[in-house]
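In my numbering, the protein residues as written are 297 to 467.
Where a beta carbon is used, it is the ideal one built from N, C-alpha and C, also for glycine.
Quick notes on the structure that follows.
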């Protein structure tokens, strides 16, 4: 028979949710995302300490969900849009698949629930313009995200983000 499609890829001890779950394994996807959230709350990822006052998080530069879960951003994004479920606008996240706005896991977790219900795995934070992938359980920064991040930067600061190339830094 055919091998079962569990919706999860295991590489060593690391598990990643596949980008396109079938209807058959939507419940498994929801379970995996919830388990990852519970595990993260119990064992939070430690940022890298650069010095006594500065910490850094190193995002993934690629993730398997970029192609299927990141769509073109609308012409403009709002600076601090309200969650479409509860109305809170203190920590807004745009879904990068459908651009629905939801609140963070630290407010009412509507971005997480939207990811579970819809299978849309990537979100853009309007607080710091970071992108989180629920499938990889990681921050991600990749060229494919620059359109949405730049439109978020324009919404927050009124100007496009400045792009600095490595060549410019070395000169």
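Apart from the five residues just before and just after residue i, which ones in its own chain have a Cβ nearer than 8 Å to its Cβ?
{"i": "residue 365", "result": "315, 392, 393, 416, 417, 418, 429 and 431"}
{"i": "residue 402", "result": "387"}
Please list, in chain order, all residues of the same chain as residue i whose beta carbon is under 7 Å from its beta carbon, the five residues on each side excluded.
{"i": "residue 457", "result": "445, 446 and 449"}
Under 8 Å by Cβ, that's how I've got residue i and residue j pegged, so tell me the actual separation to the nearest angstrom.
{"i": "residue 293", "j": "residue 443", "result": "Residue 293 lies beyond the stretch modelled for the chain, which goes from 297 to 467, so this question has no answer here."}
Rounding to the nearest angstrom, what Cα-Cα distance links residue i and residue j in this structure?
{"i": "residue 382", "j": "residue 404", "result": "8 Å"}
{"i": "residue 435", "j": "residue 380", "result": "23 Å"}
Residue i lies in the alpha helix (DSSP H); which residues open and close that run?
{"i": "residue 446", "result": "442-453"}
{"i": "residue 393", "result": "Careful: residue 393 lies outside any alpha helix (DSSP H) and carries neither H nor E."}
{"i": "residue 368", "result": "Segment: none, residue 368 is in no alpha helix (DSSP H) and carries neither H nor E."}
{"i": "residue 407", "result": "406-414"}
What residue does the beta strand (DSSP E) around residue i start on, and which one ends it?
{"i": "residue 420", "result": "418-421"}
{"i": "residue 434", "result": "434-436"}
{"i": "residue 427", "result": "427-429"}
Once you ignore the five residues that flank residue i on each side, which residues in its own chain have a CB closer than 6 Å to its CB?
{"i": "residue 408", "result": "401"}
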